[in-house]
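Encoded as structure tokens, the structure appears first; notes follow it.
Number of protein chains: 4
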Amino acid sequence: MLIIMHINSTENQLEAVKQRIRAMNLTPHVIPGQTRCAIGITGNKGTLSPDLFKNLPGVVQCIPVTKPYKLVSREVRQEDTIIDLDGIKIGGKEIMIIAGPCAVENEEQIMLISQKLAEMGVKIFRGGAYKPRTSPYSFQGIGEKGLKLLAKVRAETGMKIVSEAIDNETLTIVAEYVDIIQIGARNMYNYSLLKKAGQLRKPVLLKRGLSATLEEFLMAAEYIASEGNFNIILCERGIRTFSDYSRNTLDMNLIPAIKRLSHLPILVDPSHATGDRKTVLPLARGAIAVGADGILVEVHHEPEVALSDGPQSLYPLQFKQLMKQLEKIALVSRSETGYF
Amino acid sequence: MLIIMHINSTENQLEAVKQRIRAMNLTPHVIPGQTRCAIGITGNKGTLSPDLFKNLPGVVQCIPVTKPYKLVSREVRQEDTIIDLDGIKIGGKEIMIIAGPCAVENEEQIMLISQKLAEMGVKIFRGGAYKPRTSPYSFQGIGEKGLKLLAKVRAETGMKIVSEAIDNETLTIVAEYVDIIQIGARNMYNYSLLKKAGQLRKPVLLKRGLSATLEEFLMAAEYIASEGNFNIILCERGIRTFSDYSRNTLDMNLIPAIKRLSHLPILVDPSHATGDRKTVLPLARGAIAVGADGILVEVHHEPEVALSDGPQSLYPLQFKQLMKQLEKIALVSRSETGYF
Amino acid sequence: MLIIMHINSTENQLEAVKQRIRAMNLTPHVIPGQTRCAIGITGNKGTLSPDLFKNLPGVVQCIPVTKPYKLVSREVRQEDTIIDLDGIKIGGKEIMIIAGPCAVENEEQIMLISQKLAEMGVKIFRGGAYKPRTSPYSFQGIGEKGLKLLAKVRAETGMKIVSEAIDNETLTIVAEYVDIIQIGARNMYNYSLLKKAGQLRKPVLLKRGLSATLEEFLMAAEYIASEGNFNIILCERGIRTFSDYSRNTLDMNLIPAIKRLSHLPILVDPSHATGDRKTVLPLARGAIAVGADGILVEVHHEPEVALSDGPQSLYPLQFKQLMKQLEKIALVSRSETGYF
Amino acid sequence: MLIIMHINSTENQLEAVKQRIRAMNLTPHVIPGQTRCAIGITGNKGTLSPDLFKNLPGVVQCIPVTKPYKLVSREVRQEDTIIDLDGIKIGGKEIMIIAGPCAVENEEQIMLISQKLAEMGVKIFRGGAYKPRTSPYSFQGIGEKGLKLLAKVRAETGMKIVSEAIDNETLTIVAEYVDIIQIGARNMYNYSLLKKAGQLRKPVLLKRGLSATLEEFLMAAEYIASEGNFNIILCERGIRTFSDYSRNTLDMNLIPAIKRLSHLPILVDPSHATGDRKTVLPLARGAIAVGADGILVEVHHEPEVALSDGPQSLYPLQFKQLMKQLEKIALVSRSETGYF
């Protein structure tokens, strides 16, 4: 159930509605909009009757929300959510390009590549300090030392920082250092981690699980939102199919579908979807053309010697050309007629 | 095995190589290039020794071809294949937009929509006369009558015509009327039909099967090429995955992979991949951004009353805007740095 | 719509119902049951009102059939369909084991292996004369010569024969020689071939396509049934998934689902699902335990030298042990409490 | 690298080999066998030369292990691992049937159903105290209170107990109460949790992720083993495919593949793979026929009122019949010729 308040409704009226909801042992979630606010209700097993609320003062409309996701749905909030980091925006009219190496390796590497990217105009820098790896014998990241280096990158370049948390323990540490907390594809079903991330107020970049349905993906976001954190950025990074020639299959169909069903911004990570530099470039172009709010892409100044995911990392020069191309495509796909 | 002939090699030298191949009970396939020609060999079980041919006059190089597909591979022919229909080209610098209704329904419908599309600058018109349908009780197309109407469209508008053949019998009939013979996704493994299409010399538009691997797709094209018909246009139209919100998943990763491995042009059909008009638009933009040589898209003047696939057919006005957007994106993706 | 006739209804009453149906430009399909008969109606676009028929003499009930498949559905016919070839039954209480080599290679091979299998008690013999192969350069079968050898096997051993037709042309030839016509997975969407097979009266063994949904599989069977041929045997042979260690994934869940929704018998082909002899044995046991009506399995006296699919063919001795095991498992899975 | 020690090698010889390994900054893992012991080495980036160890006293053989999984591979340990809980064995000649409700709901429920199952001869009881659910608004389990009830079940019936841990925090609590710690499909890629479970010595029941490849599944087990805990039980519970009629597709091909590649026991969970009681029965039979070491199945005395997964829970009487059937099938599939 979603309760829409009148444009001119008062604080007291809002409070009265919230009290009615709490009296039923349910939880109200206030969702502020540009002109009016709405109240989402969660905790109910079955459907609630609109009659319970529609006569309360200040209430305009009561909408039963049938999808299992509520707070992240377009029905609950019509305007696009824009994540705003001191004026650096994700989900707005401009596309956002987040770039950096797969893993933070050492100070020299990270300062060198971050310098180059900042000069090219990159505003958000990515780099893994904790790396979830298929093999226990693979390089697992340099941990908190990496986070400190990322903080240094921010101090020196002004770029915002995103890095991955892989469990409840690292979440606390990562949250101290970064501007955006990444939750990776392997942890999309880790509801314990999602809830903890929901208790923070920092933006969360949530990657889609390898075989997650659209509904499961939005429900994972709902776990974060249901704890009160609405600062969620979705990210498509390829799904597992029968494909014999590509690590994963980038699911471009997802972008317009998410845009219709949810108010959250969505990025595309073409690097992990392909595992191959030459395919990253065209897929990055495709992502923006399809309507993604930006991309998350791996760039390394020396991909040949990278400790992880070298073959999929772009060379700085390739990346520079790509940025220009993406701007041009965005002019088309984000124009008035471009939106779908 | 692929034998590369010298730029200045003579007809007699070429003939001598072919005779040596035939003497071994193998089949030579002459593949003319811009500056020199190559000879593909098929029919061999194991690998052939380069020594067998490299000392023949006019031979420059003998390349063992390890992929199961030979004639359609980039190794055998480095330049892009361009299908040229009286100057209307598929696979060249320009993108090609093929449009039309899912099915030819009647004269009024087909003349009306073809008129509109011709005015918008469409050069190749599509329409199904024979329709493969999941249910035996669904509309199966109006057959040869539909082909006659398509011929009339060509006569009146100058557009070239593409229509689907669904078995060996209809192949013969379709080939009489159309400029490009379409073989649908459901028939991609129909090797009998592929061979028959290979014996013709008309261009064949071959759609990828719902769960065909890249290798199977190229092998299906190889069936056509091995009979001597090199006029093949590939088409990605969505694969079957676990997706819960879209009819199929358009496999954009395929485009750059095909471009690397094969010299054949490849189109994208966003209409069948999605089954939903609003998703067709962004995916069409994505296809061109990713490097496809064009799209195959369903347009209907009155989608609401279409006999098949109405919900995925674009309105003429939507299509007109789309064409303009695709041109702009092609300027980026087909520029020198756009190629991958 | 399905019309159920009274147990004591007369021929004239039946005829009157059929006439009413034809008068509406629809097609009646009489489905004889053990105690009463039913009439399926096809050709209607929307739903038909039961009122149209329920007052006709002899009519007991009119059941709207909502599934897209009608004639092959359990709603239309409650009793299991049993295919009876001179007393050799598929779909009854006994399981049926169909065995033989992948391809008919030559007279010596086929007589040797068929002799061995007949001695072991095999009643239906399989062998491919026309082989659909992914590569145009692979062995494609020995054609009609192979069918003649299969006929000789029948003459000498008394076993019934099953072999595959790969297009409309070979269908006519295959039908002349065999007792059961096989339509392979690659042709499951070849509606033209399915219709032609429906016009014959010989049993058809229809394999599930690599990525066919249950509904598409039953609709393919419906194509055959809608032409009047109800002698259909379904066969699960593995689906395409992301699996990294097995050629295909045998979809055991399908067996009980088909049994609930359709009256047709269903076999399992563990050979093609796995591509590996050692896995064929346990999966064959699993198929019978899950409730399949039998298996279709490849046996070769010298798998090492087989022209196709050698690695998945069982040795005769392995097969002999397997037969005994399957009989024991069938005692459990086909007992009263075994049925689901 | 795997170092095989001589049958008569001494403790000192073993120690010397371990020291050599540690001196190279690698980790030795002693794997005791029935007649001799082996030493697995982990931590090496590239391949190690056998020359480094083969001349040490007591060393018989040095085997390079090429698969990414080492400790869980059949190459490292040839004999089947048998998990032994006070004489209750998983992975031995007998199959093991683990049964119980999806969730522990309350004392009355859990005592009632456990009583019934103990009387039927069930030796290991399952029940969820912490439930990972797709929706944050669904019942999430009763937590530690549920674990206390499970402990009471063990005290009163003598059955061993298995229950799921969903994060590092609950792992510690669950480990205090249960005999086997379950890690669910959603956490198969949660490497942080796997490592923590590896630091315990209690048996871990590890479920395959929804789209995990065989290699990823074994690597998840390797995470546990690499921390020193070899008491691992694998469990197949269905994979995500395009299937339109079943919640998941039980991947029966996996069982023989795992048996060949790994020494770990493997169970099948037919309840989660199907989501439907009527399909659980045949698939349970199939699992044992295919060679699984047992099943994990949901049974509820009143499935209609269960708080979660009611429709897939068996009635006690159904379960009783199933147990008898599975014993009979195991006689076939676990006989000398039954093994593959």
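Residue numbers (my numbering), protein chains in the order written: chain A, 1 to 340; chain B, 341 to 680; chain C, 681 to 1020; chain D, 1021 to 1360. Backbone N, C-alpha and C fix where the C-beta goes; we use that ideal spot for every residue, glycine too.
A contact is defined here as three or more CB-CB pairs under 8 Å, and the segment 762-772 of chain C fails this definition with respect to the segment 493-502 of chain B. Between D:L1169 and D:V1124, the CB-CB gap stays under 8 Å.
When C-alpha distances from A:S73 are compared across A:I232, A:L56 and A:M120, the shortest belongs to A:I232. In the DSSP assignment, C:R700 falls within the alpha helix (DSSP H) that extends over E691 to A703.
With the rule of 3 Cβ pairs closer than 8 Å, the segment 729-749 of chain C does not count as touching the segment 914-931 of chain C. Here the C-alpha atom of B:D633 lies approximately 19 Å from the C-alpha atom of B:T589. With 16 or more other Cβ atoms from the protein chains shown falling within 10 Å of its own Cβ, D:S1212 counts as buried. Using a C-beta cut-off of 8 Å, the segment 1124-1142 of chain D makes contact with the segment 1322-1340 of chain D, since at least three inter-stretch Cβ pairs fall below that distance.
When secondary structure is reduced to three states using DSSP, A:G91 falls in the coil class, being assigned neither helix nor strand.
C-alpha of B:F465 to C-alpha of B:I437: approximately 9 Å in a straight line.
Counting only runs of 3 or more residues that sit fully inside the segment 961-989 of chain C, the beta strand (DSSP E) segments are 974-978, in chain order. The beta carbons of C:Y903 and C:K875 sit closer together than 8 Å. In this structure, the beta-carbon distance from A:L206 to A:M188 falls below 8 Å. When only Cα atoms are considered, B:D420 and B:R600 end up about 10 Å apart.
Scanning its chain for C-beta atoms nearer than 6 Å, with the 5 sequence neighbours on each side dropped, one finds around A:F53 the residues I3, V59 and C62, in chain order. E222, Y223, S226 and R240: these are the residues of the segment 222-244 of chain A whose beta carbon lies less than 7 Å from some beta carbon of chain D, given in chain order.
Close CB contacts of B:L457 within its chain, under the 6 Å cut and outside five residues either way in sequence, are with A439 (chain order). Taking a cut-off of 8 Å on C-beta distances, the segment 888-897 of chain C does not touch the segment 845-852 of chain C, as fewer than three cross pairs fall below it.
Shortest Cα-Cα distance from B:V462 to any of B:T497, B:K485, B:G481 and B:F479 involves B:T497. From the beta-carbon of D:S1333, no residue of chain A is found nearer than 8 Å; the closest lies around 20 Å away. With respect to chain D, the C-beta atom of A:S246 has no partner C-beta closer than 8 Å. CA-CA distance, D:I1275 to D:K1340, rounds to 24 Å. Excluding the 5 residues flanking it on each side, B:Q480 has same chain C-beta neighbours closer than 7 Å at K471 and R473, in chain order. Residues of chain C whose Cβ lies closer than 7 Å to the Cβ of B:E556 are, in chain order, T814.
For A:N229 and A:A197, the gap between their C-alpha atoms comes out near 8 Å. Contact annotation: the segment 1302-1312 of chain D touches the segment 963-970 of chain C, with at least three C-beta pairs closer than 8 Å.
Shortest Cα-Cα distance from B:R541 to any of B:R548, B:G549, B:A565 and B:A525 involves B:A565. Residue ranges of uninterrupted alpha helix (DSSP H) with 4 or more members, entirely inside the segment 215-285 of chain A and ordered along the chain, are 254-261 and 270-274. DSSP, reduced to helix, strand and coil, places D:T1047 within a strand of the structure shown.
What A:G286 touches in chain B, judged by beta-carbon distance under 8 Å, is M592, G626, A627, A629 and V630, going in chain order. Beta-bridge annotation (DSSP): B:T382 is paired with B:T367. Taking C-alpha positions only, B:G431 is separated from C:R927 by approximately 34 Å. In the DSSP assignment, D:M1343 falls within the unbroken alpha helix (DSSP H) covering P1336 to S1353.
Positions of the alpha helix (DSSP H) runs, each at least 4 residues long and wholly inside the segment 145-205 of chain A, are given as 168-177 and 191-199 in order along the chain.
Within the segment 1112-1155 of chain D, the complete alpha helix (DSSP H) segments at least 4 residues long are 1127-1139, listed from N- to C-terminus.
Proximity of chain B to A:I329 at the Cβ level (cut-off 9 Å) is accounted for by R625, A629, K668, I669, V672 and S673, in chain order.
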